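There are 2 protein chains.
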Amino acid sequence: MSPRILDEESLHARELELLDTALSIIEKEGVAGLNMDKLTSCVPYSKGTIYNHFNSKEDLLTGICCQGMRILTDLFSKAGTFAGSTRERIMAQNLAYLLYALLYPNRFLLVISVMSPTLFERTSERRREEIQTLETELLGTVLTIVDESIANGDFTLPVHMNRKQVAFANWSTSFGTIALLSNDTESCECRRGLSIGCELFNSINLILDGLGWKPLSSEIDSAALIQQLLSEIFIKERLMLESKGINLDLSAPAVAEKNHSK
Amino acid sequence: MSPRILDEESLHARELELLDTALSIIEKEGVAGLNMDKLTSCVPYSKGTIYNHFNSKEDLLTGICCQGMRILTDLFSKAGTFAGSTRERIMAQNLAYLLYALLYPNRFLLVISVMSPTLFERTSERRREEIQTLETELLGTVLTIVDESIANGDFTLPVHMNRKQVAFANWSTSFGTIALLSNDTESCECRRGLSIGCELFNSINLILDGLGWKPLSSEIDSAALIQQLLSEIFIKERLMLESKGINLDLSAPAVAEKNHSK
DNA sequence: ACCTATTATTGACGAATCGTCACTGACGGA
DNA sequence: TCCGTCAGTGACGATTCGTCAATAATAGGT
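In structure tokens form, the structure reads like this:
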């Protein structure tokens, strides 16, 4: 009267295996090249078993997306540990975002896909909740720094903005920049001459300067800071970048110079 | 020896009809609810004829997206005609973006979908070029104002940024904000309390203040400006908003107050 | 009026892929 | 040894995409 055991542990391991295999297929053949039969054939489980983990192909994609958000949250947390000013730590988090998008481009693009109703509508309730949790956690790592900087007096909350809005302005700006530039920028004439790293830090510096978040960009050497961050807390990520042959390309115009100092 | 006529004019009209019908299906049943057989049955043409216009379902979606970009470009142009300072005109263009996203949410979301490789990879070369052209045109309407403001002395180009980068910083920021908030914000806990219009103008004001683009946000009444724009150049759009029952919701914290004035 | 060359249109069909479900098999008690 | 339960299986039905051989439409030539 006691049937087979269902080991929570190995169940989770299997889900991980499925997600990893699916991602490797995507990396080889693109998102369009992934289908459930192909995944089935790449894995020692049957289709039915796969559908025990994910109730649709879309759910599987969202699952990959969740993994990515966890990676990203870890990177953000690590960025928050940098021993520097709050502004420098915010910059570190944006660098983390950039590194994530460059190191895991497929994961980042998947986030965009998941935003589209087509995908999201067909995602299981469980995983939707997971995304929410992860998003909250992610924004939380930013909020921590915002709070500290307000307490410090590094900047004063604008009259019509609260802490969450400040964190969101930062997030949406970096998201927009990376999203628009993470496709192959060469193929699009109007984006030619724009470099993802360069524009990201430009925009973020503008936002932070606009907030009056000290020290202003005119008072620090952003390019040097980024190099420092790369060699102090993102060592592993820098190596991964190099082994992928990706150049951060911040040598060009890297930061916005605040030259109006009114 | 003379076959049937292929009237360029009516061909274009038919394409328009197909695009409109497809969009209306999407509005009724969501993007997932659109399929080629359904479109065929809603239209007095056969599937083969539809495939003469669009070489895949994805191509059709991109086509709808292009229509939207044309609408958006027109709105941006109209915004550029506002008789005010360059900063006010930039604000007008961002308002145009917001109006577009609110009035044509499906079209805006489609832009996001088209960014994902799945869709874009399966789009015809012809339409990819169309998107590029439209993007260039769109960014051009922003560049015009940037150039004028530089000539005016309304702001000075930061040392490490060129005109294109300034225009792009504006574009990517508004894109990011709208993209992250145009889904139903209520369903996501971490975005609760954020209003799309509010955050958009917050972020843009931060960017423009960061650039030192005069007059600074502390020197103007952004909320009043928006009301003025709505009643002077976006009259039709305001009426459309009202008839859709959408509240712009700028009554809440509408703009960033620049209260650090160092 | 009729024929013909050319092109537009059609919709039935093949191919691909999704997701299900009736069956199989494995396991641990009785 | 038998039985009850549940995880796993993969063939199958259903859906939807995109094609293509057949058909219809047209206008000039005779």
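Which chain is which? The protein sequence lines are A and B, in order. Start counting the first sequence at 87; every next residue gets the next number (this note's numbering). Start counting the second sequence at 87; every next residue gets the next number (this note's numbering). Note that beta-carbon positions come from the ideal geometry of N, C-alpha and C, so glycine has one too. All values derive from a computational prediction rather than experimental measurement.
Suppose the cutoff is 8 Å on Cβ atoms and the five residues either side in sequence are ignored; what does the same chain contact list for residue i look like?
| i | result |
| --- | --- |
| A:Tyr190 | Gly154, Ile157 |
| A:Ile293 | Ala255, Asn256, Thr259 |
| B:Asn141 | Ser210 |
| A:Ile319 | Lys164, Ala165, Thr167, Phe168, Ala178 |
| A:Glu113 | Asn192 |
| A:Ile111 | Gly119, Leu120, Lys124, Leu125, Cys128 |
| A:Trp299 | Thr172, Arg173, Ile176, Ser235, Asp240, Phe241 |
| A:Arg249 | Leu229, Val232, Asp233, Ile236, Leu243 |
| A:Lys133 | Met122, Asp123, Thr126 |
| B:Ala253 | Leu225, Val228, Leu229, Val232 |
Between residue i and residue j, what straight-line distance do the alpha-carbon atoms span, to the nearest angstrom?
| i | j | result |
| --- | --- | --- |
| A:Ser303 | A:Gly331 | 29 Å |
| B:Leu125 | B:Leu104 | 8 Å |
| B:Phe261 | B:Thr219 | 18 Å |
| A:Tyr131 | A:His98 | 14 Å |
| A:Ile264 | B:Lys164 | 28 Å |
| B:Gly349 | B:Leu184 | This structure leaves residue 349 of chain B out entirely; chain B is present only between 87 and 348. |
| A:Glu234 | B:Pro244 | 29 Å |
| A:Lys322 | A:Leu161 | 11 Å |
| B:Ile217 | B:Arg175 | 25 Å |
| A:Asn269 | A:Asn121 | 23 Å |
| A:Leu181 | B:Glu95 | 51 Å |
| B:Arg212 | A:Met326 | 37 Å |
| B:Leu286 | A:Glu221 | 20 Å |
| A:Asp307 | A:Asn288 | 13 Å |
| A:Lys344 | B:Gly296 | Legend: pLDDT at A:Lys344 = 36, less than 50; position of this residue unreliable, value from coordinates given subsequently. Between A:Lys344 and B:Gly296, the C-alpha separation is close to 7 Å. |
| A:Arg324 | A:Ala310 | 15 Å |
| A:Ile312 | A:Gln251 | 25 Å |
| A:Ala108 | A:Ser281 | 30 Å |
| B:Asp106 | B:Glu215 | 21 Å |
| A:Phe194 | B:Leu92 | 45 Å |
| A:Leu196 | A:Asn291 | 27 Å |
| B:Ser199 | A:Ser317 | 37 Å |
| A:His139 | B:Thr135 | 41 Å |
| A:Tyr137 | B:Gln314 | 55 Å |
| B:Glu223 | B:Thr159 | 7 Å |
| B:Cys152 | B:Leu336 | 29 Å |
| B:Leu102 | A:Leu102 | 46 Å |
| A:Glu305 | A:Asn238 | 18 Å |
Note down, in chain order, each residue of its chain lying with its Cβ closer than 7 Å to the Cβ of residue i, except the 5 sequence neighbours on either side.
| i | result |
| --- | --- |
| B:Pro301 | Ser171, Arg173 |
| B:Ala340 | Note that B:Ala340 scores 37 on pLDDT, short of 50, meaning its location in the model is unreliable; the coordinates nonetheless yield the value given after this. Result list for B:Ala340: Cys284, Phe287, Ser308, Ala309, in chain order. |
| A:Leu435 | Missing from the structure shown is residue 435 of chain A; chain A here goes from 87 to 348 and no further. |
| B:Ser329 | none |
| B:Glu144 | Leu205, Arg208, Thr209 |
Identify the contact partners of residue i in chain B, using a Cβ-Cβ distance below 7 Å as the criterion.
| i | result |
| --- | --- |
| A:Asp240 | Within 7 Å Cβ-Cβ: nothing; A:Asp240 doesn't reach chain B, min ~11 Å. |
| A:Cys276 | Gln218, Glu221, Thr222, Leu225 |
| A:Asp295 | Gly296 |
| A:Ile136 | The contacting residues do not exist; A:Ile136 stays about 20 Å from chain B at best. |
| A:Leu195 | Ser202, Pro203 |
Kindly list, in the order they appear in chain B, the residues whose Cβ is closer than 8 Å to that of residue i.
| i | result |
| --- | --- |
| A:Leu280 | Lys250, Gln251, Phe254 |
List the residues of chain A that residue i touches, going by C-beta distances under 8 Å, in chain order.
| i | result |
| --- | --- |
| B:Val117 | Ser202, Pro203, Thr204 |
| B:Ser289 | Ala255, Ser258, Thr259, Ile293 |
| B:Glu285 | Gln251, Phe254, Ala255, Ser258 |
Can you find the residues in the same chain that come closer than 6 Å, C-beta to C-beta, to residue i, ignoring five residues on each side of it along the sequence?
| i | result |
| --- | --- |
| A:Met247 | none |
| A:His346 | The predicted position of A:His346 is uncertain, since its pLDDT is 40 and thus under 50; no value can be drawn from it. |
| A:Leu334 | Gly283 |
| A:Arg100 | none |
| B:Ala187 | Phe194, Ile264, Ser268 |
Give the interface partners of residue i over in chain B, defined as CB-CB distance under 9 Å, in chain order.
| i | result |
| --- | --- |
| A:Glu305 | Those within 9 Å of A:Glu305 in chain B number zero; the least Cβ separation is about 11 Å. |
| A:Asn269 | Met201, Pro203, Phe206 |
Under 9 Å Cβ-Cβ, which residues of chain A neighbour residue i?
| i | result |
| --- | --- |
| B:Ala265 | Ile198, Met201, Ser258, Phe261, Gly262, Ala265 |
Contact between the segment 218-229 of chain B and the segment 140-149 of chain B is defined here as three or more beta-carbon pairs at a separation below 8 Å; is this criterion met? no
Counting pairs of beta carbons, one from the segment 195-214 of chain A and one from the segment 106-120 of chain B, are three or more of them closer than 8 Å? yes
Please give the ranges of any alpha helix (DSSP H) in the segment 241-300 of chain A, keeping only runs that are unbroken, at least 4 residues long and fully inside the region. 249-267, 282-297
Within the segment 104-175 of chain A, ranges of the alpha helix (DSSP H) (whole runs, at least 4 residues): 122-127, 133-139, 143-166
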